[in-house]
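*Asks:* Heads up: take any position in the sequence shown, counting from 1, add 1449, and you land on this note's numbering.
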Amino acid sequence: MNPATRTLIHDGIWHRNAGLVQLLGLCPLLAVSNSVVNGLGLALATLFVLVLTNVAVSLLRPLLVPALRIPIFVLVIASLVTIVELVLKAWFPELDRRLGIFVPLIVTNCTILARAEAFASREPPGRAAIDGIATGAGFGAVLVTLGAARELVGAGTLFAGMEQLLGDWASVLALRLLPDDGLLLAVLPPGAFIGLGLMIAAHRWRQARIARGSGAPVADADGEAAAR
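1) How many Å lie between residue 1570 and residue 1521 at the Cα?
2) Grouping DSSP H, G and I as helix and E and B as strand, with all else coil, what is residue 1465?
3) Locate the alpha helix (DSSP H) running through residue 1537, then write down its first and last residues.
4) For residue 1661, report the span of its alpha helix (DSSP H) as first-last.
5) Out of curiosity, what's the CA-to-CA distance linking residue 1579 and residue 1660?
6) DSSP has residue 1624 in a bridge; who is on the other side?
7) What does the alpha-carbon distance come out to for the pair residue 1673 and residue 1621?
8) Less than 8 Å between the CB atoms is what I'm expecting for residue 1503 and residue 1587, so what's the real figure, rounded?
9) Decide yes or no for the touch test of the region 1598–1605 against the region 1551–1561: beta carbon pairs closer than 8 Å, at least 3 of them.
10) Would you report the Cα separation of residue 1536 and residue 1542, rounded to the nearest angstrom?
11) If I follow the unbroken alpha helix (DSSP H) through residue 1613, where does it start and stop?
12) Decide if residue 1676 is buried, meaning its Cβ has at least 16 other Cβ atoms within 10 Å, or exposed.
13) Am I right that residue 1457 and residue 1591 are in contact with their C-beta atoms under 8 Å? What's the rounded C-beta distance?
14) Considering Cα atoms alone, identify which of 1488, 1613 and 1539 is closest to residue 1641.
15) Thinking just about the alpha-carbon of each residue, which of 1533, 1479, 1459 and 1485 is nearest to the one in residue 1494?
16) Between which residues of its own chain and residue 1539 is the CB-CB distance below 8 Å, once the five residues before and five after are set aside?
17) For residue 1514, report the span of its alpha helix (DSSP H) as first-last.
18) With DSSP run on the structure shown, which of helix, strand or coil describes residue 1593?
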């Protein structure tokens, strides 16, 4: 793997993580991430739309009219989201009911539109696809991690309901790790804000440790280098 590709992947997953650094797509991130299956389902849907949008926008570069580029991007995203919706309704109806309105809201996810405008419209399809995979993986990791933490603390389980995504065989994956139901607050909306806040704090703490270890200036909350 060449250094440019490695940097692109590392940036998408860590340095400009959509959920922890750029704070984009927070509406579905906070609303859906109350279990692993919900987080994973939305993560896969977002990844699919993000990668194909990047590739489509990159291929359309020679045809794009600058004044119409944003409506074209939205049209591409909306078309792909419609495909995801139809697939969920046809083959994953229970998961579709659980995700509800937040699948259509992928159309308004600023992460997808931002990558189409800032990167895919300026790069060849291969790099655009890699950027989409890395950005989607970073956002999905936040969704699944937050979902797992809230499910464990709030319900005492992990991977409950995975059969809705993977089929009946996946019911064996469900684990009960706490004897009681757990702390209800974790699966309620305030639990999402608390959990995401802790994840953002942990990410920034880790970034500060890495920067101090390398002797580089530590970035503050706005991304500006500051001497500590």
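The beta carbon of each residue, even a glycine, is placed where N, CA and C say it ideally should be.
Bear in mind the structure is a predicted one, so any value in this text is a computation, not a measurement.
*Replies:* If we stick to the structure as given:
1) For the purposes of this step, residue 1570 is identified with residue 121 of the sequence shown, where counting begins at 1. For the purposes of this step, residue 1521 is identified with residue 72 of the sequence shown, where counting begins at 1. Those two C-alpha atoms are separated by around 11 Å.
2) Position 16 of the sequence shown, counted from the start, is the residue given in the question as residue 1465. Looking at residue 1465 - three-state DSSP - the assignment turns out to be coil, as it is neither helix nor strand.
3) Here the question's residue 1537 lines up with position 88 in the sequence shown. Per DSSP, residue 1537 belongs to the alpha helix (DSSP H) from 1518–1540.
4) As a working note, residue 1661 is residue 212 in the sequence shown. Note, residue 1661: alpha helix (DSSP H), 1638–1663.
5) For the purposes of this step, residue 1579 is taken as the residue at position 130 of the sequence shown. For the purposes of this step, residue 1660 is taken as the residue at position 211 of the sequence shown. Between residue 1579 and residue 1660, the C-alpha separation is close to 26 Å.
6) Locating residue 1624 in the sequence shown gives position 175, where the first residue counts as 1. Answer is 1607.
7) Here residue 1673 refers to the residue found at position 224 when the sequence shown is read from its first residue. Here residue 1621 refers to the residue found at position 172 when the sequence shown is read from its first residue. Confidence in residue 1673 is poor, its pLDDT being 45 and thus under 50, which makes the residue's placement too unreliable to answer from.
8) The count along the sequence shown starts at 1 and reaches residue 1503 at position 54. The count along the sequence shown starts at 1 and reaches residue 1587 at position 138. Not quite, the Cβ-Cβ distance comes to about 14 Å (not below 8 Å), so this is no contact.
9) no
10) By 1-based counting over the sequence shown, the position of residue 1536 is 87. By 1-based counting over the sequence shown, the position of residue 1542 is 93. Residue 1536 and residue 1542: Cα-Cα distance of roughly 9 Å.
11) In the sequence shown, residue 1613 corresponds to position 164, counting from 1. It spans 1612–1615 - the alpha helix (DSSP H) in which residue 1613 sits, taken as one unbroken run.
12) In the sequence shown, counting from the first residue as 1, residue 1676 sits at position 227. Here residue 1676 scores only 35 on pLDDT, less than 50, and its place in the model is too uncertain to base an answer on.
13) To locate residue 1457, count along the sequence shown from 1; it is residue 8. To locate residue 1591, count along the sequence shown from 1; it is residue 142. Actually they are not in contact, since the Cβ atoms of residue 1457 and residue 1591 sit about 19 Å apart, beyond 8 Å.
14) Start at 1 with the first residue of the sequence shown, and residue 1641 comes out as number 192. If we check each option's Cα against that of residue 1641, 1488 comes out closest.
15) The residue labelled residue 1494 in the question sits at position 45 within the sequence shown. Checking every option, the nearest Cα to that of residue 1494 belongs to 1533.
16) Here residue 1539 corresponds to residue number 90 of the sequence shown, with the count starting at 1. Cβ neighbours of residue 1539 beyond the five flanking positions: none.
17) Taking the sequence shown and counting its residues from 1, the one referred to as residue 1514 is at position 65. It is not in any alpha helix (DSSP H) - residue 1514 carries neither H nor E in the DSSP assignment.
18) Within the sequence shown, numbered from 1, the residue matching residue 1593 stands at position 144. The answer is helix: DSSP assigns residue 1593 an H, G or I state.
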